[in-house]
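**Q** First the structure, which I've put down as structure tokens, then a few questions once you've had a look.
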Amino acid sequence: EAGVAQSPRYKIIEKRQSVAFWCNPISGHATLYWYQQILGQGPKLLIQFQNNGVVDDSQLPKDRFSAERLKGVDSTLKIQPAKLEDSAVYLCASSLESVGGSYEQYFGPGTRLTVT
Amino acid sequence: KNQVEQSPQSLIILEGKNCTLQCNYTVSPFSNLRWYKQDTGRGPVSLTIMTFSENTKSNGRYTATLDADTKQSSLHITASQLSDSASYICVVIPGGVPLVFGKGTRLSVIA
């Protein structure tokens, strides 16, 4: 079974530039998550999708971050404009369902973003 | 406030030795607790999943314990190997979203 795919793996941009990350979840997984992981910290949930609908985006900085999951499969996360503090690893995860969080989440390798 | 605290922050052990990582949480309500291993440059991979009624769960050389009364969990690694060098993250699921992640313990196993 193929895992969660993410691209690019690494990205370096200057502050105030824009960047987009792509995620392809495990086939058949209805729930998709985007996390931000700052060095030395645990992942922080940015947004959760159930199929193509948003379940939770309470921690997404909506003034600069946006995400979509068209057709309920692939997803993109965009930052516009980027700030220095956005430097982090952006992890995508997927699970079969999200009921009570009881379903296992499978993580992708992440995209390491450096903002200079 | 839902929180997960892990200790130690980092640990260095000799290959072949055992070690125990700690996780204390204040998450309520509690659904289940997971330990993840995160290799450098990779996403987290699940090691164990425990519900509140389970006290111990093993996965090879990894054994997790859970005391739901004191809200403590531990991850014991037996006969450590160089490949065990990674961050170990404790995650508590409060029965809804979002999951509550600890900051992790950075383990280094040296020859």
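Here the protein sequences line up with chains A and B, keeping their order. In terms of the working numbering, the first sequence is numbered consecutively and its last residue is 111. In terms of the working numbering, the second sequence is numbered consecutively and its last residue is 156. Where is the CB? At the ideal position from N, CA and C, for every residue including glycine. The structure displayed is predicted, hence computed values, not measured ones.
#1: Check the Cβ of B:Phe46 against every Cβ in chain A and list those closer than 7 Å, keeping chain order.
#2: Do you know whose CA, among B:Leu78, B:Lys82, B:Thr108, B:Ser103, lies nearest B:Met95's CA?
#3: So, does the CB of B:Gly105 fall closer than 9 Å to a CB anywhere in chain A?
#4: In this structure, does DSSP put A:Leu79 in helix, strand or coil?
#5: Going along the chain, which residues of the stretch 9 to 38 of chain A sit with their C-beta nearer than 8 Å to a C-beta in chain B?
#6: Kindly confirm or deny that the stretch 60 to 77 of chain A and the stretch 33 to 44 of chain A touch, where touching means at least three C-beta pairs closer than 8 Å.
#7: From what residue to what residue does the beta strand (DSSP E) around B:Asn104 run?
#8: Should B:Ser91 be flagged as near chain A, meaning a C-beta pair shorter than 9 Å?
#9: Checking contacts by CB at 9 Å: is B:Pro143 closer than that to chain A?
#10: Taking 9 Å as the threshold (beta carbon to beta carbon), is B:Lys62 in contact with chain A?
#11: Within its chain, find whatever has a CB closer than 6 Å to the CB of B:Gln48; leave out the 5 residues flanking it on each side and keep chain order.
#12: Where do the N-terminal and C-terminal ends of the beta strand (DSSP E) with A:Val50 fall, by residue?
#13: If we require 3 or more residues per run, which beta strand (DSSP E) segments fall completely within the stretch 68 to 131 of chain B?
#14: Can you name the residues that DSSP bridges to A:Val(-1)?
#15: Please tell me whether B:Lys102 has its Cβ less than 9 Å away from any Cβ of chain A.
#16: Let me check understanding here. Comparing Cα to Cα, which of B:Ser103, B:Thr93, B:Lys148, B:Leu127 lies closest to B:Glu50?
#17: Taking C-beta pairs closer than 9 Å, name the residues in chain A that B:Lys116 reaches, listed in chain order.
#18: When we look at the beta-carbon of A:Tyr101 and count the other beta-carbons within 10 Å, is it buried (16 or more) or exposed?
#19: Could you work out which residues of chain B lie near A:Gly103, taking near to mean beta carbons separated by less than 7 Å?
#20: Taking Cβ-Cβ distances below 7 Å as the criterion, which residues of the stretch 42 to 70 of chain A are in contact with chain B?
#21: According to the Cβ coordinates, are A:Lys6 and A:Thr111 closer than 9 Å?
#22: For the stretch 45 to 62 of chain A against the stretch -3 to 5 of chain A, are there 3 or more C-beta pairs whose distance is under 8 Å?
#23: What residue from A:Gly105, A:Ala25, A:Lys78 has the CA that sits closest to A:Pro56's CA?
**A** Inspection of the coordinates gives the following:
#1: The sequence shown places Lys at residue 46 of chain B, rather than the Phe named in the question. Going along chain A, no residue has its Cβ under 7 Å from B:Lys46, so there is no contact; the nearest lies around 14 Å.
#2: B:Leu78
#3: no
#4: helix
#5: Gly35, Gln36, Gly37, Pro38
#6: yes
#7: 101 to 104
#8: yes
#9: yes
#10: no
#11: Thr71
#12: 48 to 51
#13: 77 to 83, 90 to 96, 101 to 104, 107 to 112, 117 to 122
#14: The partner list for A:Val(-1) (beta bridge, DSSP) is empty, contrary to what the question assumes.
#15: no
#16: B:Lys148
#17: Neighbours of B:Lys116 on chain A: none; closest Cβ ~17 Å, over 9 Å.
#18: buried
#19: Gly88
#20: Gln43, Val50, Asp51
#21: no
#22: no
#23: A:Lys78
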